[in-house]
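Take a look at the structure below.
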Amino acid sequence: MSEVKQPFRAAVVGAGGIARGNHLPALRAEGDRVEVVALVDINTELLSAAAEQFGVPGRYTDLYQMLQAEAPDMVVVCTPPVAHRDAVVASLDAGAWVWCEKPPALSLAEYDEMSSHERADGPYACYVFQQRFGSGAQRLRRHVTEGTLGRPLIGICNTLWYRDGKYFEVPWRGRWDTEGGGPTMGHGIHQMDLLVSVLGDWREVTAEMSTAARDVETEDVSCAIVRFESGAVVSVTNSLLSPRETSYLRFDFDDATVELEHLYGYDNSCWKWTAAPHRLDPDQSPAWQPEQDLASSHRAQLSSLLDSMERGERPLASGRDGRRVLELIAGMYKSAITRRTVKRTDINRIDPFYRSMKGGTMTPDAPFEYASVEGALHA
Ligand SMILES: NC(=O)c1ccc[n+]([C@@H]2O[C@H](COP(=O)([O-])OP(=O)(O)OC[C@H]3O[C@@H](n4cnc5c(N)ncnc54)[C@H](O)[C@@H]3O)[C@@H](O)[C@H]2O)c1
1 MSEVKQPFRA AVVGAGGIAR GNHLPALRAE GDRVEVVALV DINTELLSAA
51 AEQFGVPGRY TDLYQMLQAE APDMVVVCTP PVAHRDAVVA SLDAGAWVWC
101 EKPPALSLAE YDEMSSHERA DGPYACYVFQ QRFGSGAQRL RRHVTEGTLG
151 RPLIGICNTL WYRDGKYFEV PWRGRWDTEG GGPTMGHGIH QMDLLVSVLG
201 DWREVTAEMS TAARDVETED VSCAIVRFES GAVVSVTNSL LSPRETSYLR
251 FDFDDATVEL EHLYGYDNSC WKWTAAPHRL DPDQSPAWQP EQDLASSHRA
301 QLSSLLDSME RGERPLASGR DGRRVLELIA GMYKSAITRR TVKRTDINRI
351 DPFYRSMKGG TMTPDAPFEY ASVEGALHA
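Residue numbers (the numbering used here): 1 to 379.
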């Protein structure tokens, strides 16, 4: 990998809510390590307002012009999901590292296409999964790797959020062709990514979903039972219809229950560790609490990404590591739509759910349409 020198020159594509609320403040907080040299947005008013607010000199309405003129070291993609693929591919081709918002892509096929534009020694594309990066999650993963909690046996992964009708007035939301799915794809993805980052690959999934209350094409609730390769079984619920909102994960191991409850971000105080009765003796109990208190946040992931850039190493939440949660989501949609249990290995490159999360042609009249393999291949 050709060496990338600090300060890294960053460009942000898409100057909407997440760029202004999270990415630009996180980039600014990195001080001398990174400099935002350009912003891109097709909406000139939003572009100027964000550029003024954050003092960004380069202002573009065209991504390709920006890449040519600025040759940034990294590009942060904050556009709606439908525009992720083109921005990631163009940025990698221009030699920039990429940090792209969730969901990474509209399908596994798009994800693989983006990955194919990485080079063996970089640049790489990684994706925003900020819930992995707090100290509580890091500590739990270390325990699981070291086997200090015994076997994972059973778990819960709930994203119970509330979004009213107004939320869906933003044109790209609630549509298969622009958002790629409902709360399974767009919201629960945070908790499910944390789940698979702790428990690893899943083996099979049985799911249900429905559009229960909102005027959207996609589901607004989904549930699943997921069996992992380890044998652990986890129930997953994703909802945008839950007035008492919570993000809740629970892992029961042989030796402890580990719980996390928060809404959009956690610190150590949101974690609860309960020892099994046979581990209550303090001499027998490992130190379960994290050594530091790092909140989950865009800033925590950015800092890890900049470390990887400095070392020229593949960052976390890229390649197979970033794909894992998308595989689970594709499995959930396939199971809910076909009303069958789905194995992870079922979704190969000729499976209709590889090419689209709803498995077939996307038409507003048939939101949950399922195309046969033959139909999809000839569509
Ligand atoms: N990680 C999180 O916690 C989190 C939270 C909210 C949103 N998101 C994700 O962030 C992304 C953006 O969400 P948002 O809420 O900021 O949306 P938004 O609609 O507020 O902003 C998107 C911006 O992208 C611009 N845009 C659209 N197409 C473009 C293109 N081709 N080139 C350049 N600019 C373009 C729009 O004009 C708009 O300003 C989505 O992928 C969303 O899922 C992540």
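Beta carbons are placed, not taken as given, at the ideal position from N, Cα and C, and that holds for glycine.
- Task: Give me whichever residues DSSP pairs with residue 8 in a beta bridge.
- Result: If you number the sequence shown from 1, residue 8 lands on position 8. 34.
- Using 7 Å as the cut-off, classify the Cβ of residue 63 as near or not near the heavy atoms of ligand 1, replying yes or no. Here residue 63 corresponds to residue number 63 of the sequence shown, with the count starting at 1. Residue side-chain check: residue 63 places its Cβ nearer than 7 Å to a non-hydrogen atom of ligand 1.
- Query: So, are the CB atoms of residue 234 and residue 228 less than 8 Å apart?
  - Reply: What you label residue 234 is simply residue 234 of the sequence shown in a count that begins at 1. What you label residue 228 is simply residue 228 of the sequence shown in a count that begins at 1. In this structure, residue 228 lies closer than 8 Å to residue 234 by Cβ.
- Message: Please tell me whether residue 330 and residue 207 are closer than 8 Å, where the distance is taken between their beta carbons.
- Response: Position 330 of the sequence shown holds residue 330. Position 207 of the sequence shown holds residue 207. A distance of 8 Å or more separates the beta carbons of residue 330 and residue 207.
- Rounded to whole angstroms, what's the CA-CA distance from residue 33 to residue 8? Just pull it up for me. As a working mapping, residue 33 is identified with position 33 in the sequence shown. As a working mapping, residue 8 is identified with position 8 in the sequence shown. So the alpha carbons of these two residues sit roughly 6 Å apart.
- Task: Pair every Cβ in the segment 44 to 54 with every Cβ in the segment 10 to 20, then say whether three or more of these pairs are closer than 8 Å.
- Result: Verdict: yes, contact present.
- Message: Tell me which residue opens and which closes the beta strand (DSSP E) that residue 381 is part of.
- Response: Residue 381 lies beyond the stretch modelled for the chain, which goes from 1 to 379, so this question has no answer here.
- Query: Can at least three beta-carbon pairs, one atom from the segment 180 to 187 and one from the segment 251 to 266, be found at a separation below 8 Å?
  - Reply: Using a C-beta cut-off of 8 Å, the segment 180 to 187 makes no contact with the segment 251 to 266, since fewer than three inter-stretch Cβ pairs fall below that distance.
- Query: If we count Cβ pairs, one from each stretch, closer than 8 Å, do we get three or more for the segment 143 to 163 versus the segment 246 to 258?
  - Reply: With contact defined as three or more Cβ pairs closer than 8 Å, the segment 143 to 163 and the segment 246 to 258 are in contact.
- Coarse secondary structure for residue 251, derived from DSSP in three states: The residue given as residue 251 occupies position 251 in the sequence shown. Residue state, collapsed to three classes: strand.
- Query: Between residue 372 and residue 351, what straight-line distance do the alpha-carbon atoms span, to the nearest angstrom?
  - Reply: Reading the sequence shown from its first residue, position 372 is the one you call residue 372. Reading the sequence shown from its first residue, position 351 is the one you call residue 351. Confidence at residue 372 is low in this model, with a pLDDT of 41, below 50, so the placement of that residue is unreliable and no value is reported for it.
- CB-CB length for residue 201 against residue 212, believed under 8 Å: Taking the sequence shown and counting its residues from 1, one reaches residue 201 at position 201. Taking the sequence shown and counting its residues from 1, one reaches residue 212 at position 212. Taking a contact as a CB-CB distance under 8 Å, the pair residue 201 and residue 212 does not count as one, their CB atoms being some 31 Å apart.
- Note down the Cα distance separating residue 327 from residue 339, rounded to an integer number of angstroms. Locating residue 327 in the sequence shown gives position 327, counting from the first residue. Locating residue 339 in the sequence shown gives position 339, counting from the first residue. In this model, residue 327 and residue 339 are separated by some 17 Å (Cα to Cα).
- Could you give the C-beta distance for residue 300 and residue 276, rounded to a whole number, given that I count them as a contact under 8 Å? The residue you call residue 300 lines up with position 300 of the sequence shown. The residue you call residue 276 lines up with position 276 of the sequence shown. The Cβ separation is near 30 Å, so there is no contact.
- Count the other CB atoms, across all protein chains shown, that sit within 10 Å of the CB of residue 190; report buried if there are 16 or more and exposed otherwise. Here residue 190 refers to the residue found at position 190 of the sequence shown. Counting other Cβ atoms within 10 Å of its Cβ, residue 190 reaches 16 or more and is therefore classed as buried.
- Message: Distance check for residue 304 and residue 94, CA to CA, integer angstroms please.
- Response: Locating residue 94 in the sequence shown gives position 94, counting from the first residue. Locating residue 304 in the sequence shown gives position 304, counting from the first residue. Answer to the nearest angstrom: the Cα atoms are 22 Å apart.
- Distance, Cα to Cα, residue 203 vs residue 83? Taking the sequence shown and counting its residues from 1, one reaches residue 203 at position 203. Taking the sequence shown and counting its residues from 1, one reaches residue 83 at position 83. If you draw a straight line from the Cα of residue 203 to the Cα of residue 83, it comes to about 31 Å.
- Task: Mind reading off the beta-carbon distance from residue 167 to residue 245? Whole number of angstroms is fine, and I expect it under 8 Å.
- Result: The sequence position of residue 167 within the sequence shown is 167, counting from 1. The sequence position of residue 245 within the sequence shown is 245, counting from 1. The C-beta distance from residue 167 to residue 245 rounds to 13 Å, too long to meet the 8 Å contact threshold.
- Task: Could you tell me which of 125, 109, 96 sits nearest to residue 319, measuring between CA atoms?
- Result: Taking the first residue of the sequence shown as 1, we reach residue 319 at position 319. Of 125, 109, 96, the residue nearest in Cα terms is 125.
- Query: To the nearest whole angstrom, what separates the beta carbons of residue 123 and residue 87, a pair I think is in contact under 8 Å?
  - Reply: Against the sequence shown, residue 123 aligns to sequence position 123. Against the sequence shown, residue 87 aligns to sequence position 87. Actually they are not in contact, since the Cβ atoms of residue 123 and residue 87 sit about 14 Å apart, beyond 8 Å.
- Item | Rounded distance between the beta-carbons of residue 230 and residue 151, thought under 8 Å | Within the sequence shown, the letter at position 151 stands for residue 151. Within the sequence shown, the letter at position 230 stands for residue 230. The C-beta distance from residue 151 to residue 230 rounds to 7 Å, short enough to fall under 8 Å.
- Message: Quick check on DSSP: helix, strand or coil for residue 262?
- Response: One-based indexing of the sequence shown puts residue 262 at position 262. The three-state reading of DSSP puts residue 262 in strand, counting E and B together.
- Item | For residue 204, the first and last residue of its enclosing beta strand (DSSP E) | Here residue 204 is taken as the residue at index 204 of the sequence shown, counted from 1. That run of the beta strand (DSSP E) goes 202 to 210.
- Message: I want to check one thing, is the minimum distance from the CB of residue 49 to the heavy atoms of ligand 1 below 7 Å?
- Response: Locating residue 49 in the sequence shown gives position 49, counting from the first residue. Checking every heavy atom of ligand 1 against the Cβ of residue 49, none is found closer than 7 Å.
- Option in 69, 89, 85 with minimal Cα separation from residue 106: On the sequence shown, residue 106 is found 106 positions in, with the first residue counted as 1. Out of 69, 89, 85, the CA that lies nearest to the CA of residue 106 is found in 85.
- Query: In whole angstroms, what separates the C-alpha of residue 100 from that of residue 127?
  - Reply: Along the sequence shown, read from residue 1 onward, the residue named residue 100 stands at position 100. Along the sequence shown, read from residue 1 onward, the residue named residue 127 stands at position 127. For residue 100 and residue 127, the gap between their C-alpha atoms comes out near 5 Å.
- Task: Evaluate residue 64 with the Cβ neighbour count: other Cβ atoms within 10 Å of its Cβ, from every protein chain shown; 16 or more gives buried, anything less gives exposed.
- Result: By one-based count along the sequence shown, residue 64 stands at place 64. In this structure residue 64 is exposed. Its beta-carbon is surrounded by fewer than 16 other beta-carbon atoms within 10 angstroms.
- Query: By DSSP, does residue 381 sit in helix, in strand, or in coil?
  - Reply: No statement about residue 381 is possible, as the shown extent of the chain runs from 1 to 379 and does not include it.
- Query: In terms of alpha-carbon separation, which member of 296, 290, 192, 347 lies closest to residue 142?
  - Reply: Walking along the sequence shown from the start, residue 142 turns up at place 142. The shortest C-alpha separation from residue 142 is found at 290.
- Message: Buried or exposed, going by whether 16 or more other CB atoms sit within 10 Å of the CB of residue 214?
- Response: Taking the first residue of the sequence shown as position 1, residue 214 is located at position 214. Buried, because 16 or more other Cβ atoms sit within 10 Å of the Cβ of residue 214.
- Message: For residue 77 and residue 98, I'd like the C-alpha separation in whole angstroms.
- Response: To locate residue 77, count along the sequence shown from 1; it is residue 77. To locate residue 98, count along the sequence shown from 1; it is residue 98. Each residue's Cα considered, the two are about 7 Å apart.
- Query: With DSSP run on the structure shown, which of helix, strand or coil describes residue 290?
  - Reply: Counting from 1 along the sequence shown, the entry for residue 290 is found at position 290. Three-state result, residue 290: coil.
- Message: For residue 269, tell me which candidate among 258, 46, 308 has the shortest Cα-Cα distance.
- Response: To locate residue 269, count along the sequence shown from 1; it is residue 269. Ranking the options by Cα distance to residue 269, first place goes to 258.
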